[in-house]
Every structure is written in structure tokens, then in C-alpha cells.
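Novice:
There are 2 protein chains.
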Amino acid sequence: MDRRQAKTRKAVFQAFAELLEEKGYPDITVQDIIDRADIGRSTFYSHFEAKEDLLNVLCESIFEHAFSKHPGKEDTHDFSEKEGLKAELTHALYHLGEHRGYVKSILSSESGDVFMRYFKNHLREVFGRDSGPVPDGIPRDYAVEHSVCWFAETVRWWMDNEEYSPEEVTGLFWRYKVGEAESRRAHPGNGMKNGMP
Amino acid sequence: MDRRQAKTRKAVFQAFAELLEEKGYPDITVQDIIDRADIGRSTFYSHFEAKEDLLNVLCESIFEHAFSKHPGKEDTHDFSEKEGLKAELTHALYHLGEHRGYVKSILSSESGDVFMRYFKNHLREVFGRDSGPVPDGIPRDYAVEHSVCWFAETVRWWMDNEEYSPEEVTGLFWRYKVGEAESRRAHPGNGMKNGMP
DNA sequence: TAAATAATGAACACCATGTTCAGTAACTAA
DNA sequence: TTAGTTACTGAACATGGTGTTCATTATTTA
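As given, the protein sequences belong to chains A and B, one line each in that order. Count the first sequence with my numbering and you get residues 1114 to 1310, in order. Count the second sequence with my numbering and you get residues 1114 to 1310, in order.
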């Protein structure tokens, strides 16, 4: 990629992230972005179709990283499949936590919808692979949707509760995961890796 | 209230509902609304601050009705508290089902955020009153948030799955309600009033 | 019937959007 | 080093929705 293009893109994302920490997404104008990034108006439009496009690209890149296959992830088979799933979720939380500054802002307006949509799409892939227990007679995809939505909502909650670590949040979520509530009775002690405070 | 005002408001809401069935909320302009409602531009702005205001008022009125105290609701004490709660939820679903046409549309864009916020606010009041079982050591308000979010998401799902009745949806939701999963084991048969297909 | 209240609609200023284009700067490959 | 390509610039412009103003007309109320 041309060095000039990369420079421009980087400047735009940097400006966008900064602006998100200062005001809500709907209040940010294209003018704000190009002023902050110090680029020409036409340059912005040669890179992005519009402000919404920029948001989409940002969200996609966040989750691409958060759910990236990192070395050794697939090899977590000294643990059970369940532990591998929990590790994957915790890994994602670490990434999201790094961007708390502007993620909080994105979540607190219309743009939250966009963010959550991307988030849930990735989570559906993750939980779709999970072959853990599902209560008697309940469709698996309905159970998956429950895990997806509730994990996403848990993260939304976490963004305003910085005192919890990623491990703690995954542990708390896990206790609400459908199927786990019942199996926990049969195998006590399996529910959480780290106790909640 | 002045008959003229009432007439204008009604025309605006009617036009808004119709337009929502035709296109997404972001694509609807104030011009669309006043053309359809056949009122003057300044008239619209004397009733509503902006398009967003109209959406807020519409959402509030929907849930005011859906969660209204209707006669005999408080007297459901021939059933348990649990049955009263389920009846309240089912009642709300009947109301929401009546407006499926435009509710579906509201939910499928930015405006869904607004709708869900109002919905969850009302649900927090409802589930906050619920004193049912909560798993060992989990904060009650966290459990409440789970019921709130998952019921709201279930409705979102229901909007695209017309084949289920309100009773069936409440029953399905109930099986995922935290606390219920465990108590169901102790008291089998209490989980659902109507079996799912 | 008079006073108060509401609706009208054209006209207006405003502002963000997205496009165009001629000119300049930076890369690339021969 | 040079020629050719690609990217950035920034001013200018057309567009379109927004929200306000105000003199006029219609309706309600007392």
C-alpha cells in the first residue's frame, strides 16, 4: 500500500478515535474529522464513502483483531473445549478493554447498534462452534442467540464497570450461559476459573 | 385538548406509522411526514421538536399501553407471583404484536436503539418487582438485567417469527430466565404454561 | 360576537453533504 | 534522472434537509 494512503488512513482513524472521546458519534461531522486529521476534504471522500462507512470499517477492524486466531489458540486442547471457548472470550475482552476510551463512546449512541451488530456477528461464529450442553428440547440456535446477546450485553455493562478484569467478566458471564446453570449442579466447581469479588 | 390539536397529532402518528412500513426510519424526512399527514410545515414543528422527538413520543406511548395496569391485573393472586409476572409479559406481547407492522421497521435501524431503551426501562420496573429465585451469590440487579435484556431480545426475534403466539413466546423466554433453569429441576412441569411446538 | 388559540404555507437563513477540477506533491520503474 | 502514474489539495459549487418566521385564515371557547 502506498505510504501516502496509509498515512492518510491512519490520520483519519486517529482523529476519529480522538473525537469519539470528546463527543458522541452523531455530533461528529466530516468537517471535524478532516480538520483534526489535517487532510483535504476530497481526500476523505476518496477513502471513505461517508461517516457511516468509517464507523463500519473501524468496527470491523476492532473485531477482526479481537477474534483473530493467535498462535497456540487452536492448541488449547490440554483444556476442554469449554476452556478453549472461555479463553477465546477472555482474549476478546482484553482487546476490547484496550479501546475502552472510544468503545464506550460508540456504545452510547446510535452508533452502538452498528458496533453491536458486528460484535454479535462474530460471537455467533464463536458460539456456533460451541457444542456444550443445551437444556432439553430447546433449539440449539436459540440457545446460541442467547449466549451471543447476553455476552454482548455483558460487555456493554463492563465498559462502565472498569473494576472487573476480563477473566472475572468471562467467569460472571459463564454462570448465565444456558446449559451451564444446570450442569453446574452436577459438576460443582467447574463454573468459574476466577471467583467474582 | 383542542380538537384541532388532537386531529393533527393523530394524522402525524398515522403518517409516521405508514411511512415506517414503507421505509426505514433514517430515510423518512420531516417533509415526508407533513406531506402524508397533509399538514403545514410549521404545524409539525409546533407539535414536535424534531423527527427524533416524534420517535420518542411514539415509543413511550407504545410501552405506556403495553405495560398499563388493566383491571384485574393486580388481582391475579389466585395464581402465584410468578404466574402474575408471566401474565404481565404476555399482555405486553399482545400489545406489541398488534403493532408488528411498524415495530419491525423501527427495530431494523438506528431507531431500534431508542425503542429498546424505552422497552428495557419498562422491563426493569417489571423484573425489578420479581422476587423469584436467583442463583447462589449472584447480585440480584445483575440477574434482573439479564431478564430485561433477554426478554427484549426475544421480542426482537419474535418480530420476525410471526408463527409463535404471545403465550408461546413467554413460555420460551421463561425457560431461559435465570433461576428458573435450576428450580425447574426441583419442580418439573412448572416451567411452561403452553408447550412450544 | 369577541378574544384566544391553532393551522397554514411560502419564504428564508443555515449548515452538512458529497462532487468537481485544475494544480501540486509523492511515489515507481525504466 | 526522468517520465508516468497515483495520491493529496482546497476552493468552489450544487444539493437537500432543517428549523424559523410571520402575516393570514380557520376554529374553538367564553
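For glycine and all other residues, C-beta sits at the position ideal for the given N, C-alpha and C. If you're wondering where the values come from, they're calculated on a predicted model, not measured in any experiment.
#1: Nearest by alpha-carbon distance to G1153 (chain B): which of B:I1141, B:E1131, B:N1169, B:V1125 is it?
#2: For the stretch 1222-1253 of chain A, which residues have a CB atom closer than 7 Å to at least one CB atom of chain B, in sequence order?
#3: With H, G and I counted as helix, E and B as strand and the rest as coil, what does DSSP make of A1163 (chain A)?
#4: Report the three-state DSSP secondary structure of Y1207 (chain A) (helix, strand or coil).
#5: Counting only the same chain and skipping the five closest in sequence on each side, list residues whose C-beta sits under 8 Å from that of F1161 (chain B).
#6: Would you verify that the beta carbon of H1259 (chain A) is, or is not, closer than 8 Å to some beta carbon of chain B?
#7: Counting Cβ pairs, one atom from each stretch, are 3 or more of them under 8 Å apart for the stretch 1171-1182 of chain B and the stretch 1228-1246 of chain B?
#8: Measuring alpha carbon to alpha carbon, tell me which residue in B:A1265, B:E1211, B:C1172, B:F1286 is nearest E1275 (chain B).
#9: Which full runs of the alpha helix (DSSP H) of 4+ residues lie inside the stretch 1220-1251 of chain B, going along the chain?
#10: Less than 8 Å between the C-beta atoms of L1206 (chain A) and T1283 (chain A), yes or no?
#11: What do you reckon, are the CB atoms on V1239 (chain B) and E1280 (chain B) nearer than 8 Å?
#12: For G1153 (chain B), which of helix, strand or coil comes out of DSSP?
#13: Following the continuous alpha helix (DSSP H) through H1212 (chain A), name the residue where it begins and the one where it ends.
#14: Is it true that the CB of Y1138 (chain B) sits closer than 8 Å to the CB of E1266 (chain B)?
#15: Using the three-state DSSP reduction, which class does D1273 (chain B) fall into: helix, strand or coil?
#16: Going along chain A in order, which residues have a C-beta closer than 8 Å to the C-beta of W1263 (chain B)?
#17: For G1137 (chain B), which of helix, strand or coil comes out of DSSP?
#18: Name, please, each residue of chain A whose Cβ falls closer than 7 Å to the Cβ of Y1094 (chain B).
#19: Per DSSP, what kind of secondary structure is T1189 (chain A) in: helix, strand or coil?
#20: By DSSP, does R1183 (chain A) sit in helix, in strand, or in coil?
#21: With H, G and I counted as helix, E and B as strand and the rest as coil, what does DSSP make of D1145 (chain A)?
#22: Give the DSSP-derived three-state secondary structure of Y1341 (chain B) in the structure shown.
#23: Could you say which of A:A1130, A:V1227, A:A1128, A:K1199 lies nearest to F1286 (chain A) if we only look at CA atoms?
#24: Taking D1145 (chain B) and L1132 (chain B) to be in contact with their CB atoms under 8 Å, please state how far apart those CB atoms are, rounded to whole angstroms.
#25: Does the beta-carbon distance from Y1289 (chain A) to W1270 (chain A) come in below 8 Å?
#26: Please classify D1243 (chain A): is it buried, with 16 or more other beta-carbons within 10 angstroms of its beta-carbon, or exposed?
#27: Cα-Cα, which of A:E1196, A:G1245, A:K1136 is closest to L1071 (chain A)?
#28: In angstroms, rounded to a whole number, what distance separates the CA positions of A1163 (chain B) and V1143 (chain B)?
Specialist: Checking against the coordinates, here is how it stands:
#1: Numbered from 1 along the second sequence, position 40 holds the residue referred to as residue 1153 (chain B). Nearest option by C-alpha distance: B:V1125.
#2: Of all residues in the stretch 1222-1253 of chain A, E1223, G1225, D1226, P1248, I1251 have a Cβ within less than 7 Å of some Cβ in chain B.
#3: As a first step, residue 1163 (chain A) is located in the first sequence; it is residue number 50 there, counting from the start. The DSSP-derived three-state label of A1163 (chain A) is coil.
#4: Against the first sequence, residue 1207 (chain A) aligns to sequence position 94. Three-state DSSP puts Y1207 (chain A) in a helix.
#5: To locate residue 1161 (chain B), count along the second sequence from 1; it is residue 48. Hits under 8 Å: V1125, L1167, V1170.
#6: Indexing the first sequence from 1 puts residue 1259 (chain A) at position 146. For H1259 (chain A), the answer is yes, since a Cβ of chain B falls inside 8 Å of its Cβ.
#7: Using a Cβ-Cβ distance cut-off of 8 Å, the stretch 1171-1182 of chain B and the stretch 1228-1246 of chain B are in contact, since at least three pairs of beta carbons, one from each stretch, lie closer than that value.
#8: Sequence index remark: in the second sequence, residue 1275 (chain B) carries index 162 (1-based). Shortest Cα-Cα distance from E1275 (chain B) to any of B:A1265, B:E1211, B:C1172, B:F1286 involves B:E1211.
#9: You should have 1224-1242.
#10: Against the first sequence, residue 1206 (chain A) aligns to sequence position 93. Against the first sequence, residue 1283 (chain A) aligns to sequence position 170. With respect to T1283 (chain A), L1206 (chain A) sits close: the two C-beta atoms are nearer than 8 Å.
#11: Position 126 of the second sequence holds residue 1239 (chain B). Position 167 of the second sequence holds residue 1280 (chain B). No. Outside cutoff.
#12: The residue given as residue 1153 (chain B) occupies position 40 in the second sequence. Of the three classes helix, strand and coil, the one that applies to G1153 (chain B) here is coil, per DSSP.
#13: Here the question's residue 1212 (chain A) lines up with position 99 in the first sequence. According to the DSSP assignment, H1212 (chain A) belongs to no alpha helix (DSSP H), since it is labelled neither H nor E.
#14: Taking the second sequence and counting its residues from 1, one reaches residue 1266 (chain B) at position 153. Taking the second sequence and counting its residues from 1, one reaches residue 1138 (chain B) at position 25. No, the pair does not count as a contact, with Cβ atoms beyond the cut-off.
#15: For the purposes of this step, residue 1273 (chain B) is taken as residue 160 along the second sequence, with counting starting at 1. Here D1273 (chain B) sits in coil by DSSP.
#16: Start at 1 with the first residue of the second sequence, and residue 1263 (chain B) comes out as number 150. Neighbours of W1263 (chain B) on chain A, chain order: H1259, C1262, W1263.
#17: Mapped onto the second sequence, residue 1137 (chain B) falls at position 24. It is coil, neither helix nor strand.
#18: Limits of chain B in this structure are 1114 at one end and 1310 at the other, which puts residue 1094 (chain B) out of reach.
#19: Here residue 1189 (chain A) refers to the residue found at position 76 of the first sequence. In this predicted model, T1189 (chain A) has a pLDDT of only 47, less than 50, meaning its place in the structure is not dependable enough to derive any value.
#20: Translated into positions along the first sequence, residue 1183 (chain A) becomes position 70. Inspection of the sequence shows that residue 1183 (chain A) is occupied by His rather than by Arg. Three-state result, H1183 (chain A): coil.
#21: Along the first sequence, one-based indexing puts residue 1145 (chain A) at 32. Helix.
#22: With chain B running from 1114 to 1310 in the structure shown, residue 1341 (chain B) is simply not present.
#23: Numbered from 1 along the first sequence, position 173 holds the residue referred to as residue 1286 (chain A). When the alpha-carbon of F1286 (chain A) is set against those of A:A1130, A:V1227, A:A1128, A:K1199, the nearest one is in A:K1199.
#24: Against the second sequence, residue 1145 (chain B) aligns to sequence position 32. Against the second sequence, residue 1132 (chain B) aligns to sequence position 19. Contact check for D1145 (chain B) and L1132 (chain B): beta-carbon distance about 6 Å, within the 8 Å limit, so the pair qualifies.
#25: Residue numbering aside, residue 1289 (chain A) sits at position 176 when the first sequence is read from its first letter. Residue numbering aside, residue 1270 (chain A) sits at position 157 when the first sequence is read from its first letter. No; because the gap between Cβ atoms is not below 8 Å, this pair is not in contact.
#26: If you number the first sequence from 1, residue 1243 (chain A) lands on position 130. The residue is buried, with at least 16 neighbouring Cβ atoms inside 10 Å.
#27: One cannot answer for residue 1071 (chain A) here, as it falls past the ends of chain A, which runs 1114 to 1310.
#28: Here residue 1163 (chain B) refers to the residue found at position 50 of the second sequence. Here residue 1143 (chain B) refers to the residue found at position 30 of the second sequence. Their backbone Cα atoms lie some 8 Å apart in a straight line.
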